[in-house]
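Presented below is the structure to which this report refers.
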Amino acid sequence: MWKGYGLILLSATGFAFIPIFALYAYDSGVTVTTLLFLRFALAALFFFLYLWLKEKNWKVSRSHLLYLFLLGGIFYMMQSSFYDFSREHS
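So the number in our numbering is just where the residue sits in the sequence shown, counting from 1, plus 8.
Here's what the structure looks like:
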């Protein structure tokens, strides 16, 4: 249970620092699109590296892959884009 608490705290801390890092990136001339691409590419790299190291026999069905693409690739990308665009233009 304590491991779960620690992971929640780590996740919340990471999300809390997103606006701070984004402001530094915008001041350096990074666009919202570039920032989001780098953020998601790094997250995908760590995610698939974790799966490769820990889960030897992981499989995803086509229907689950479609849902994952819609939820993560479309909806979460849109939410993150709107959030970052609002910070860039405020």
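For glycine and all other residues, C-beta sits at the position ideal for the given N, C-alpha and C.
- [ ] Return the CA-CA distance between Thr-21 and His-72, expressed in angstroms with no decimal places.
- [x] Numbered from 1 along the sequence shown, position 13 holds the residue referred to as residue 21. Numbered from 1 along the sequence shown, position 64 holds the residue referred to as residue 72. Cα to Cα, the separation comes out at about 29 Å.
Decide if Val-68 is buried, meaning its Cβ has at least 16 other Cβ atoms within 10 Å, or exposed.
As a position in the sequence shown, residue 68 is number 60, starting the count at 1. With fewer than 16 Cβ atoms within 10 Å of its Cβ, Val-68 is classed as exposed.
- [ ] For the segment 9-52, list the alpha helix (DSSP H) runs that are entirely contained and at least 4 residues long, ordered along the chain.
- [x] 10-35
Report task. Mind reading off the beta-carbon distance from Asp-92 to Leu-50? Whole number of angstroms is fine, and I expect it under 8 Å. Result -> In the sequence shown, residue 92 corresponds to position 84, counting from 1. In the sequence shown, residue 50 corresponds to position 42, counting from 1. Not quite, the Cβ-Cβ distance comes to about 15 Å (not below 8 Å), so this is no contact.
Where does the unbroken alpha helix (DSSP H) through Ser-71 begin, and where does it stop? The sequence position of residue 71 within the sequence shown is 63, counting from 1. First-last of the alpha helix (DSSP H) with Ser-71: 70-76.
At a threshold of 7 Å, does Gly-80 count as lining the ligand FAD (C-beta to nearest heavy atom)?
As presented, the structure is devoid of all ligands, the ligand FAD included, so that no description of it is given.
**Item:** Coarse secondary structure for Trp-66, derived from DSSP in three states
**Value:** Mapped onto the sequence shown, residue 66 falls at position 58. In the structure shown, Trp-66 sits in coil (DSSP, three-state: anything other than H, G, I, E or B).
| query | CB-CB under 7 Å to Ala-30, same chain, minus the five flanking residues each way: which ones, in chain order? | reply | Stepping through the sequence shown from its first residue, residue 30 is reached at position 22. So the qualifying residues of the chain are Leu-43, Asp-92 and Arg-95.
Report yes if the CB atom of Val-38 is closer than 8 Å to the CB atom of Ser-89, and no otherwise.
Counting from 1 along the sequence shown, the entry for residue 38 is found at position 30. Counting from 1 along the sequence shown, the entry for residue 89 is found at position 81. No, the Cβ-Cβ distance between Val-38 and Ser-89 is not below 8 Å.
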